[in-house]
Amino acid sequence: MDKSRRISIMILAGTIILFIISWIIKSNALQTSGMEGSLAIRDAFLITLAAFLTLAIFSFLYKDNPYYKFAEHLFVGVSAAYWMCVGFWSTFVGNFIPKVSTSLSEFFKVPPKGFEIHYFIPLILGIMLLMRLSSKAGWLSRWSLAFIVGTTAGLNLIRYLRTDFITQVSNTFVPLLVDWKGIGPFFSDFSLSASGQAVMTLANWVIFVGVFSGLIYFFFSKEHKGFFGGASRVGIWVLMVTFGASFGYTVMGRVSLLVGRLTFLFSDWLGLVN
Amino acid sequence: MKLKLLILSCLLFIFTAPYASGQDEPAAMDSLDMETRLPAPITQLTAFDTDNDHGHSIELSWSPSVDDGGGKNTVFGYVIYRAASPDGPFEERGIQPLGETGYSDVGSKEKDSPSYMPDHTDYYYKVRTLTADSLIFSDSEIFGPIQCYGQWFNTSRIPELVFVIGFLMVAVVFINKARRGANLFVRRLAGIEAVDEAIGRATEMGKPILYVMGLGTASEIATIASFTILGRVAKKVAEYQTGLIVPCYDPIVMTIAQETVRSSYMDAGRPDAYNDDMVYFVTQSQFAYVAAVNGTMLRELPATNIYMGKFFAESLILAETGALAGSIQIAGTDEVAQIPFFVVACDYTLIGEELYAASAYLGREPILLGSLKAQDYAKAGVIVCALIGFISINLGWDSIAQLFQVPNAFFTNLFGGHN
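The listed protein sequences correspond, in order, to chains A and B. If you read the first sequence in numbering that gives the first Met the number 0, its first letter stands for residue 0, the second for the next number, and so on. If you read the second sequence in numbering that gives the first Met the number 0, its first letter stands for residue 0, the second for the next number, and so on.
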């Protein structure tokens with residue numbers, strides 16, 4: 000047995016011992032707080048396991064290691080099996096069975112909702128999709144795929160046209176001078192409030208310049224030179240400023256996720272923070 | 000005896016007369032009071048089938064009670080009743096606050112639902128004007144019969160139809176041009192040109208290429224664009240005999256990706272080199288998928304990571320791990336919130352619509368190239384429409400801007416709608 004293998008086994012043994020000690024301490028803590036014995040042992044096991052798996056995932060920050068691999072494979076396996084069960088019980092049993100068979104509905108203990116023959120269309124498409132497992136009838140699966148891609152692309156085209164095209168075009172129709180009564184009143188009533196004339200006017204200018212320069216950036220049929228090049232450069236600046244704001248906003252959200260995990264470790268597991 | 004009867008009658012009259020008059024008087028007062036406190040009913044109650052829907056819905060409108068906000072000012076609200084016959088029984092369908100002059104009676108289309116509202120059935124409506132006192136109200140005249148039914152065409156979608164027809168015509172023109180060999184110019188896209196370079200790098204290093212399609216389903220436009228790019232990448236990979244790894248989040252996406260890669264290997268003349276295990280399903284749990292892909296990155300050490308499709312919170316985790324593994328990274332997504340993370344952590348990023356353009360640019364196939372040119376003309380159309388609307392708003396011509404409202408009043412009225 001080489002040295003690195005010995006060290007690995009020692010670390011594994013140490014981890015198991017730490018896990019058991021943590022489990023015992025947590026069980027005692029839960030029992031002290033009034034929880035019934037067997038429930039306390041079960042909950043202590045689950046909390047300790049969750050804490051160790053969290054630390055195993057965090058260990059990836061150092062480098063790939065067997066603990067991370069264990070957590071990863073456990074996570075992938077459990078989630079894949081979980082979603083398969085959810086798919087079966089919610090889609091097949093929850094949606095399909097009640098619409099096609101009373102006896103099967105009784106078997107699965109779901110209330111029947113009356114026979115609807117068109118529910119056999121997705122069933123047939125699903126079976127055709129599974130035909131790809133057969134070398135002879137595998138070509139049938141392409142019909143289902145063509146149906147899925149074609150139908151959804153067509154449906155999405157209309158949805159995007161409505162929400163991203165017509166609505167966005169109409170939202171660009173903004174006045175460049177909001178409540179304009181002349182240069183004098185503009186300066187005399189000048190205010191930096193969000194609903195003030197100056198800020199609203201500036202916001203509308205940003206919309207106008209941002210939308211048009213952004214559209215020009217995404218124009219692929221013309222080389223970005225001259226006026227077109229200048230406008231597209233403004234467009235990419237607008238995009239980058241937007242992305243910067245979005246980046247900061249999302250990072251804040253991620254920090255709150257980290258805080259949530261740390262709270263679990265220090266509060267639920269170690270009990271150091273109330 | 001007669002005297003006794005007379006005395007008894009007089010006594011009876013004396014003792015009962017006050018009670019009799021006492022009972023009559025309050026009754027007369029209540030009736031008078033109620034009459035004076037009764038609100039005026041609503042008038043001109045009309046009902047019609049809801050436009051542009053699948054049926055099971057009726058719209059009501061009325062002129063408000065004169066005591067609503069004026070007159071005696073006693074109106075508290077309106078209750079809408081519906082019956083299958085003018086004689087009732089009437090069932091309460093909804094309540095509207097004072098000031099309202101309409102109501103949408105929307106039922107369910109599900110036969111087993113308690114609110115099921117069958118089409119092509121006669122309905123009768125009345126509206127009760129309420130006051131603060133629940134006993135004091137007045138009913139409108141009964142309106143009916145009226146039926147609801149679904150429409151074959153949604154006229155509020157006419158602008159979309161016009162645009163789709165226009166877009167298809169332009170696309171067909173450009174596809175034909177491309178087929179005839181016309182040189183359709185598409186400007187250089189650095190991120191797309193880097194794809195070929197990255198495949199070459201992977202070949203030189205003898206390492207595989209990791210292609211991640213994100214979390215999108217096969218219905219997402221970004222995923223559909225990603226299939227086209229995957230096809231191109233797989234063809235190059237087959238030609239250069241490099242490895243390809245495609246971990247998938249969605250089983251349907253995996254199936255289509257397998258078909259795409261298989262076709263590309265056949266096109267490259269290397270069907271023997273294709274292996275179904277190149278494209279595999281991981282899991283449909285977001286972060287479990289990320290954990291698996293991260294592990295693959297650090298164990299397989301791919302020379303190139305390509306992220307094309309729909310990405311969410313996992314974008315930065317994937318891109319950071321790829322950077323840590325020393326891979327060259329090219330990303331493309333239309334998910335605006337995730338583009339910043341790819342910009343930060345990847346070598347090249349296709350921003351939004353560049354992802355859709357990538358497939359046409361890489362393939363140079365007439366259909367894709369023609370569609371790309373049609374998209375450009377559509378964008379030019381957007382710029383022109385936006386400029387027209389923008390100028391009209393600034394000049395105070397609001398009617399032109401109204402053409403772009405959703406739902407579109409102009410087309411709805413043109414085709415005989417109620418709105």
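Built from N, CA and C at the ideal position, the CB exists for glycine as well.
- Using a Cβ-Cβ cut-off of 8 Å, L371 of chain B counts as an interface residue toward chain A, since at least one Cβ of chain A sits closer than that to its own.
- W82 of chain A belongs to the set of residues whose beta carbon lies under 8 Å from a beta carbon in chain B.
- Annotation for M265 of chain B: Y273 place their beta carbon closer than 8 Å to its own, counting only its chain and skipping 5 residues before and after.
- When C-beta distances to chain A are compared with 7 Å, the residues of the region 233-261 of chain B below that value are I251, T254, I255, E258, in chain order.
- Against chain B, the beta carbon of R141 of chain A has neighbours under 9 Å at E258, listed in chain order.
- Cβ-Cβ distances below 7 Å link P144 of chain B to D121, Y122, Y123 in the same chain, with the five nearest sequence neighbours on each side left out; the list follows chain order.
- Our two residues, M168 of chain B and L214 of chain A, have alpha carbons roughly 22 Å apart in a direct line.
- It is roughly 5 Å from the alpha-carbon of S114 of chain B to the alpha-carbon of S107 of chain B.
- Assignment of alpha helix (DSSP H) within the region 142-216 of chain A, counting only whole runs of 4 or more residues, yields 166-170, 182-187, 196-216 in chain order.
- Assignment of A181 of chain B by DSSP, reduced to helix, strand and coil, places it in the coil class.
- Distance check between S398 of chain B and each of A:F172, A:M251, A:S190 places A:F172 closest, using alpha-carbon atoms only.
- Here E115 of chain A is exposed, its C-beta having fewer than 16 other C-beta atoms within 10 Å.
- The residue from B:V74, B:A83, B:H119 with its alpha-carbon nearest to that of T100 of chain B is B:V74.
- Closest in C-alpha terms to N153 of chain B, from the list B:N51, B:F310, B:I316, comes B:N51.
- F310 of chain B and F242 of chain A have their alpha carbons spaced roughly 15 Å apart.
- Within the region 131-156 of chain A, the residues whose Cβ lies closer than 9 Å to some Cβ of chain B are R131, S140, R141, S143, L144, I147, V148, T150, T151, A152, L154, N155, L156, listed in chain order.
- Annotation note: the region 235-272 of chain A contains no uninterrupted alpha helix (DSSP H) run of length 4 or greater.
- A Cβ-Cβ contact shorter than 8 Å links G76 of chain B with I94 of chain B.
- The alpha-carbon of P270 of chain B is positioned some 47 Å away from that of V240 of chain A.
- Boundaries for F142 of chain B: no alpha helix (DSSP H) harbours it, while the beta strand (DSSP E) harbouring it runs 142-145, taken from the DSSP string.
- Any Cβ of chain B closer than 8 Å to the Cβ of A202 of chain A would place that residue at the interface, and such an atom is absent.
- With respect to V194 of chain B, L361 of chain B sits close: the two C-beta atoms are nearer than 8 Å.
- Flagged as an interface residue toward chain A: D375 of chain B, by a C-beta distance shorter than 8 Å.
- Rounded to whole angstroms, D333 of chain B and L349 of chain B show a C-alpha spacing of 9 Å.
- Distance check between R187 of chain B and each of A:G228, A:V250, A:E222 places A:E222 closest, using alpha-carbon atoms only.
- Only residues of its own chain outside the window of five on either side were considered, and among them V92, I96 have a CB closer than 8 Å to the CB of F107 of chain A, listed in chain order.
- By the neighbour-count criterion, in which a residue is buried when 16 or more other Cβ atoms sit within 10 angstroms of its Cβ, A193 of chain A is exposed.
- T259 of chain B is positioned such that its CB atom lies closer than 8 Å to that of A233 of chain B.
- Within 9 Å of the CB of I329 of chain B, no CB atom of chain A is found; the nearest one sits about 17 Å away.
- Three or more beta-carbon pairs separated by less than 8 Å are not found between the region 379-388 of chain B and the region 194-209 of chain B, which leaves the two stretches without contact.
- Distances from the alpha-carbon of L129 of chain A to those of B:T45, B:D375, B:I251 put B:I251 closest.
- Across the region 0-15 of chain A, no CB contact with chain B closer than 7 Å is found for any residue.
- The Cβ atoms of G234 of chain A and S212 of chain A sit closer than 8 Å to each other.
- According to the DSSP assignment, L349 of chain B belongs to no alpha helix (DSSP H) but to the beta strand (DSSP E) extending over 347-350.
- Under the criterion of beta carbons closer than 8 Å, I41 of chain B and T130 of chain B do not qualify as touching, at roughly 13 Å.
- For the region 333-348 of chain B, the set of residues with a beta-carbon nearer than 9 Å to any beta-carbon of chain A comprises V335, A336, Q337, I338, P339, F340, V342, V343, in chain order.
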